[in-house]
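Only one structure is covered here, and it is reproduced in the block below.
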Amino acid sequence: MPEWTLGAVLDAIAKAVPDRVMTVSGDRRSTYREAADRTRRLANFLAHNGFGAHTERAELQNWECGQDVVALIMHNDLYPDMVLACLKARVVPVNINHHYTPREVGELLEYLSPRGVIYHRALGAKFGDVLPGGAQLLISVDDGSDLPELPGAVTLDQALAGGTEDADIAASPDDLLMVCTGGTTGRPKGVMWRQGDIYVSSMNGADHGQVGEIHDKVTNHGPPWFAVSPLMHAAGMWTAFSAVLNGQTIVLHDTSRKFDPAHVLGTAERERVGLMTMVGDAYAGPIVEELGRRRYDLSSLFAIGTGGAGTSLKNQQGLLDHLPNITVINGYGSSETGNMGFGHNQRGKHTDTFVFRDGGLVLAEDYSRFLEPGEDQIGWSARTGRIPLGYFNDREATLKTFPEVDGTRVVISGDRATLDADGTLRLLGRDSLVVNTGGEKVFVEEVEEVLRSHPDVVDALVIGRESPRWGQEVVAVVALRDDAHVGTDVLHEVCTAALARFKAPKEYLIVDRIQRLGNGKADYRWARAVAAQAQGVK
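With numbering that gives the first Met the number 0 applied, the sequence shown corresponds to residues 0 to 537, in that order.
See the structure below:
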């Protein structure tokens, strides 16, 4: 069966349903015909400026890139179009986290060495001191701001006007899409995916035998999907492209404004969305609170998907209490594994394991073999089959994270896990976050879940801190509701009632707010700093 490029899939859908709305972003509504034309024109502009592939995949090592790289420093508006245009031009699009500081963005650009940068105008102003970051081409996307253009930049409208003449471009499924990791466990790395692989593994795609299969698939038009999370992160991008490449309408949250649950729910109500996706407790908690404040007509909503960070049982139950007819879908995956597994929760029915997608498995701790269902061993969550090639320009990290086991190439996620008797995945936690205390291992996510279950706890992070007695000691950083009257003794009773005593934190640090990264993931570096400071003032 032939592999497909994402641009070819878009064009096939545009031919079948040209006037169907593809994306909704604020006041902008773009049809599939408009998106296909926009991406074609920008691809032509890039190609006419010499951008493209210079060394074919077969001549390269898995950590090498033979294509020009274009960095995207963007909010959600037009983000899918820019990704698809780059892919049509045989250029590698790569996400840049616009929540980073200018120094961090400058360091990331130095690592990625992009030949071009596409950015929303206000973000160009924010990072003006580090742009162009070695890039030869800057393309500015209008975001309604009145900020000046960066010197030498061309506007997206100018680029589209310069791309009317079709260039001779033959994109390949081997061409790359790069996803920068979130940086929660160190400096971000560029994960290099063949687009033929990522389409199948994480975008509900397939190796279609003929274009008619795509036309048949998009005949039925369901209710719109709503990507609440930023598309600059893998979880949001998988959602958006799963919708787009299956002919659905995707509503894109306006990430240029501060997260507002009332605005999110109002958008879902207005657009009559069927599926809404978000990132963990940072989104779910405020949405549950807003649902408790007023009623919204969400009768079209059949599911809420969460991924990229954990969603506590308390918040999942809160969503189901307010929206009893929906399914809460917990997604599991990473930049390295793609969309790897899922669990379905409904009112009165909760699952705490994940059903694997194709290629998912658990690798033994010593990498010697794959575990069988029901084995009483803790191993590594892993995946085979349609997986990335490796890390951009990093041979050592590529060989470590993407090794061969029994002749099979795998990607190791870094998450510790077991395999239940029914073949489902039971996650224990990120290995880099395991606390070794007094010879015992504590997975911090387990302790966090217990703490967040208390009605007065808004959020909590758990980390390990150096201890002369225990080697490491478990410390909890906790944010409480404004009207809460809960002491640390109560929090300790909650933990010891549900957990072995060695897992209970040795200290509970109360803060006004838990700091999270821009994608909703936990900022453990911040939590460690809070714990270290508290230890220093004792």
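The beta carbon of each residue, even a glycine, is placed where N, CA and C say it ideally should be.
Spatial neighbours of residue i in its chain, beta-carbon cut-off 8 angstroms, leaving aside the 5 residues before and after
| i | result |
| --- | --- |
| residue 28 | 20, 22 |
| residue 493 | 449, 450, 452, 453 |
| residue 9 | 31, 34, 35, 38, 83, 243, 244 |
| residue 155 | 41, 77, 117, 138, 139, 140, 141 |
| residue 285 | 258, 260 |
Proximity below 7 angstroms, CB of residue i to CB of residue j
| i | j | result |
| --- | --- | --- |
| residue 104 | residue 68 | no |
| residue 338 | residue 347 | no |
| residue 309 | residue 279 | yes |
| residue 424 | residue 353 | yes |
| residue 314 | residue 283 | yes |
| residue 342 | residue 350 | yes |
| residue 393 | residue 62 | yes |
| residue 72 | residue 136 | no |
| residue 520 | residue 181 | yes |
| residue 514 | residue 522 | yes |
| residue 444 | residue 428 | yes |
| residue 289 | residue 264 | yes |
| residue 2 | residue 208 | no |
| residue 306 | residue 234 | yes |
| residue 366 | residue 404 | yes |
| residue 86 | residue 6 | yes |
| residue 505 | residue 473 | yes |
| residue 334 | residue 380 | no |
| residue 317 | residue 361 | no |
| residue 455 | residue 426 | no |
| residue 159 | residue 124 | no |
Neighbourhood of residue i by C-beta distance below 6 angstroms, restricted to the same chain and skipping five residues each side
| i | result |
| --- | --- |
| residue 84 | 38, 41, 42 |
| residue 12 | 31, 217, 246 |
| residue 440 | 433 |
| residue 82 | 92 |
| residue 253 | 25 |
| residue 407 | 383 |
| residue 274 | 224, 302 |
| residue 230 | 75, 78, 236, 239 |
| residue 531 | none |
| residue 173 | 56, 193 |
| residue 359 | 339, 340, 382 |
| residue 385 | 196, 199, 200 |
| residue 421 | none |
Residue from the options with nearest C-alpha to residue i
| i | options | result |
| --- | --- | --- |
| residue 525 | 483, 498, 469, 459 | 459 |
| residue 250 | 438, 77, 14, 514 | 77 |
| residue 299 | 307, 314, 267, 311 | 267 |
| residue 79 | 442, 44, 226, 210 | 226 |
| residue 374 | 417, 358, 396 | 417 |
| residue 477 | 491, 508, 16 | 508 |
| residue 143 | 120, 97, 161, 128 | 120 |
| residue 17 | 116, 126, 248 | 248 |
| residue 114 | 53, 296, 287, 74 | 53 |
| residue 457 | 380, 100, 422, 510 | 510 |
| residue 357 | 86, 398, 205 | 205 |
| residue 276 | 325, 257, 291 | 325 |
| residue 467 | 483, 495, 435 | 435 |
Segment limits, beta strand (DSSP E) that includes residue i
| i | result |
| --- | --- |
| residue 226 | 224-226 |
| residue 465 | 456-466 |
| residue 275 | 274-277 |
| residue 178 | 175-179 |
| residue 417 | 407-418 |
| residue 508 | 506-510 |
Close beta carbons around residue i, own chain, < 7 angstroms, minus the five adjacent residues each side
| i | result |
| --- | --- |
| residue 447 | 459, 460, 461 |
| residue 88 | 42, 45, 46, 50, 51, 168 |
| residue 272 | 222, 223, 224, 225, 250, 299, 300 |
| residue 64 | 91, 175, 191, 391 |
| residue 151 | 137 |
DSSP beta-bridge partners of residue i
| i | result |
| --- | --- |
| residue 452 | Looking at the DSSP assignment, residue 452 forms no beta bridge with any residue, so it has no partner. |
| residue 343 | 328 |
| residue 72 | 118 |
| residue 80 | Partner(s): none; residue 80 has no beta bridge. |
| residue 191 | 177, 389 |
| residue 472 | 464 |
| residue 525 | Its beta-bridge partners do not exist; DSSP assigns none. |
| residue 135 | In DSSP, residue 135 forms no bridge with anything. |
Enclosing alpha helix (DSSP H) for residue i [first to last residue]
| i | result |
| --- | --- |
| residue 237 | 233-243 |
| residue 197 | 194-201 |
| residue 9 | 5-15 |
| residue 217 | Element bounds for residue 217: n/a, residue is neither H nor E. |
| residue 92 | Run containing residue 92: none in the alpha helix (DSSP H); it sits in the beta strand (DSSP E), 91-94. |
| residue 500 | First-last for residue 500: undefined, no H or E at that position. |
| residue 313 | 312-321 |
Contact test: residue i Cβ vs the ligand FMN heavy atom, cutoff 6 angstroms
| i | result |
| --- | --- |
| residue 462 | Questions concerning the ligand FMN fall outside what the structure shown contains, since it holds no ligand whatsoever. |
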